[in-house]
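Chains as they are written, first to last, in the numbering used here: chain A, 1 to 375; chain B, 376 to 750.
See structure below.
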DNA sequence: TGCTTTTTCACAATCGTTTGTGTAAATTAT
DNA sequence: ATAATTTACACAAACGATTGTGAAAAAGCA
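Structure (structure tokens):
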């Protein structure tokens, strides 16, 4: 008689989603009391609180976040948009975000734009409809303007970009100091005695590739070396693309003595091509990449590369989000967090007598932990 | 006067979350009409529908999924629990799930158990509180019983497992035929003339490792070879673990002439150790791994490995979920989908005269696409 | 024209929480 | 002992959408 949903049968099929009303009835108090007891409101007596909590456990009460979010106007959902979830970088960033978010009681909704701006637009609408408390996004390659993000701002939903942004726009973002990364890698090659250093660049409308290139140029300049157009090759950053670029460089009357690629796959392609031609690495040509992918430690020789601090980036992005909601009053909340990259020096660029590879900064790093996965 | 939220200033700060009520007022009709027009209900005239749709676009109306979900009792959210989001396998599966889910209008909430059953429990509660329409999960290593999943069943929320399950329980799941994978790999090594084949096994309480081992044993038996305890090494499936196991095997009076590891990292460790000892692969010892990680194509020689069909698994898992909701009446919905693995044969196991590596089944596969990522 | 059927829409309850306001009882102060 | 506080709780209105029921207007049929 007390049961609201009376099935014809008494079988314990998909049974009672016990609600606060149930608790209230059982205890003979109002829902207000239940709600306030559960949220530890000061106006509820300790005895009542205990009783409510106890009954809640007993009846296995599960709060309905939807209802709460609806009433309060803000949910505990966080939207994340990435081009792809696969691949080391974004997967690690998402890992960092999810870990931090879950500690703070947030659940993360993941969306993939598939490098398509139209899909990115849809993702935004989906997330807004889901009433997320905030949106973290790394732009798709095909995103050339910010129009669709205006809607987010209209809704007053905190927006944080990470890694990929559009230049010139004032947005909240956490970024890697790509220029510094490019600078460090190039500088290292210079210190190894290389003087004709080639560079594989990615699409220049993306801040990341533009800045890596700038770092490369800055390093050259610091050694008083004028950049040479023929040594800068545009590359799609695939293994095949890297090999193709390398092959082209070898046709030059005066080939380079080192290559710095803005991506690890490309530098791997270069390595494979060089080996197939019998050219020694690093003696004849030294190599350095970007991203510190797992493959850098599998290739032979192991590849020098710039680490992007993926997990830190994820943590920082979430932290920036919470900062934004905390300081919801700040007039111009235009914050940028810049992470410092870390160069991992390995055999592919070490020309010093000792062929012993050494790692810059702290030791072996994240790879071992990442490899202990059971699939 | 008509504005419900009247700010003191007229500045277009976090402005109007326009609701159905707004549309109704503007058009002078009831909310019922708005709601039904938006969901294309038959009882709304075409003229009215047009008007509503038009105004919705004009005012930039965004439906509040929370409210709808609350009323309807079911959301368009899908919960996914994985041990980790990093690493090729789970990232790819999640990619598959998200792609399929988003096509069907579902958003996916991602949770990581970090291989911890306590965290897994929390994840479940979080997802239930979020009123997800279904839960897809791959068990953590430390999960030894199903108690916490009973609650899910109680709530009537569809539950689908993938890859990792607990044996003996009747659950809906999509699995890889790991036994077949182990069988194919071992069989291939046998066909290459190997007769003393070692095996690196993982934790045996996990279905995946148990079955891979069974496939190994079955293949040996098909050749009338009795398994040898000393050739089966328990391994944590890391690079270091694989190297250690390999080193132990080399101390045997009669070392193996091949190794099949239940994971790629372990087989890579074995390869590295063998090379450091000057032992030739595959001539002296042939190698085969499991998972078809990217590193298999970077190592030299390239590593033979069993592909797990990650993306198909994700798609299948989502599809199984939708099947469950469609057939909500079926008495015993205990369905299992089994995917067939695919052996990729590469140089590490090819003893035939030609050193040319060949790939079983269709060509090069997923790697190239996966490498064209820009980070 | 009178009656039935269809089309088109409004009323109002409901999903499960939260929260401003009101009000008894219990405690303290005077 | 009476007034001023504090404590502990209930009422009821939201939040934004969905939906069974019912009723008026339009259309079809004789």
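Quick reminder that beta carbons are idealized off the backbone N, C-alpha and C, glycines included.
- By the neighbour-count criterion, in which a residue is buried when 16 or more other Cβ atoms sit within 10 angstroms of its Cβ, residue 143 (chain A) is buried.
- The three-state secondary structure of residue 449 (chain B), taken from DSSP, is coil.
- Of the residues assessed, residue 588 (chain B) falls on the buried side of the cut-off, its CB having 16 or more other CB atoms within 10 angstroms.
- For residue 67 (chain A), the nearest CB of chain B lies under 7 Å from its own CB, placing it at the interface with that chain.
- With the criterion set as a beta carbon lying under 8 Å from some beta carbon of chain B, the members of the region 90 to 102 of chain A are 90, 91, 92, 94, 95, 98, 99 and 102, in sequence order.
- The straight-line gap separating the alpha-carbon atoms of residue 532 (chain B) and residue 261 (chain A) is approximately 49 Å.
- An exposed status is given to residue 150 (chain A), since fewer than 16 other beta-carbon atoms sit within 10 Å of its beta-carbon.
- Residue 123 (chain A) has its alpha-carbon roughly 23 Å from the corresponding atom of residue 503 (chain B).
- Taking a C-beta cut-off of 9 Å against chain A, the contacting residues of the region 477 to 499 of chain B are 477, 480, 482, 483, 484, 485, 486, 487, 489, 490, 494, 497 and 498, listed in chain order.
- Residue B:411 holds the alpha-carbon nearest to the alpha-carbon of residue 443 (chain B) among B:411, B:418 and B:463.
- Flagged as an interface residue toward chain B: residue 70 (chain A), by a C-beta distance shorter than 7 Å.
- Below the 7 Å Cβ cutoff, chain A contributes no neighbours of residue 709 (chain B), its closest Cβ being approximately 15 Å away.
- In terms of beta-carbon proximity, residue 438 (chain B) lines the interface with chain A, with at least one pair separated by less than 7 Å.
- Around residue 673 (chain B), the beta-carbon contacts reaching into chain A at under 7 Å are 268, 295, 298 and 299.
- With respect to residue 537 (chain B), residue 702 (chain B) sits apart: the two C-beta atoms are not nearer than 7 Å.
- For the options A:325, A:307 and A:350, the alpha carbon positioned closest to that of residue 88 (chain A) is the one of A:307.
- When the Cα atoms are used, residue 344 (chain A) and residue 394 (chain B) turn out to be separated by approximately 53 Å.
- Residues of chain B with a Cβ closer than 7 Å to the Cβ of residue 205 (chain A) do not exist; the shortest Cβ-Cβ separation is about 11 Å.
- Checking the DSSP bridge columns, you'll see residue 234 (chain A) partnered with A:201.
- Within its own chain, the residues whose Cβ lies closer than 8 Å to the Cβ of residue 94 (chain A), once the five positions on either side in sequence are excluded, are 80, 82, 85, 108, 110 and 314, listed in chain order.
- The beta carbon of residue 649 (chain B) sits closer than 7 Å to those of 621, 656 and 660, all from its chain and outside the five residues before and after it, given in chain order.
- Chain-order list of chain B residues neighbouring residue 131 (chain A): 439, 440 and 441, by C-beta distance under 8 Å.
- Put simply, the region 223 to 237 of chain A touches the region 248 to 265 of chain A. At least three CB pairs are less than 8 Å apart.
- Secondary structure in the region 272 to 357 of chain A: the alpha helix (DSSP H) runs of 4 residues or longer, each lying completely within the stretch, are 310 to 326 in chain order.
- In this structure, the alpha-carbon of residue 125 (chain A) lies about 8 Å from that of residue 437 (chain B).
- Beta-carbon to beta-carbon, residue 553 (chain B) and residue 572 (chain B) are separated by about 17 Å, too far to satisfy the 8 Å threshold.
- When the Cα atoms are used, residue 244 (chain A) and residue 210 (chain A) turn out to be separated by approximately 21 Å.
- The Cβ of residue 460 (chain B) sits closer than 7 Å to at least one Cβ of chain A.
- Relative to residue 47 (chain A), the option among A:59, A:58 and A:34 whose CA is nearest is A:34.
- Pairing residue 185 (chain A) with residue 237 (chain A), the inter-Cα distance amounts to about 17 Å.
- A residue is called buried when at least 16 other Cβ atoms come within 10 angstroms of its Cβ; residue 305 (chain A) meets this threshold and is buried.
- Only exposed fits residue 45 (chain A), as fewer than 16 other CB atoms lie within 10 angstroms of its CB.
- Counting the other Cβ atoms within 10 Å of the Cβ of residue 325 (chain A) gives fewer than 16, which makes it exposed.
- When the Cα atoms are used, residue 323 (chain A) and residue 590 (chain B) turn out to be separated by approximately 53 Å.
- Across the region 525 to 537 of chain B, CB contacts with chain A closer than 9 Å involve 526, 528, 529, 530, 531 and 532, in sequence order along the chain.
- The three-state reading of DSSP puts residue 91 (chain A) in helix, counting H, G and I together.
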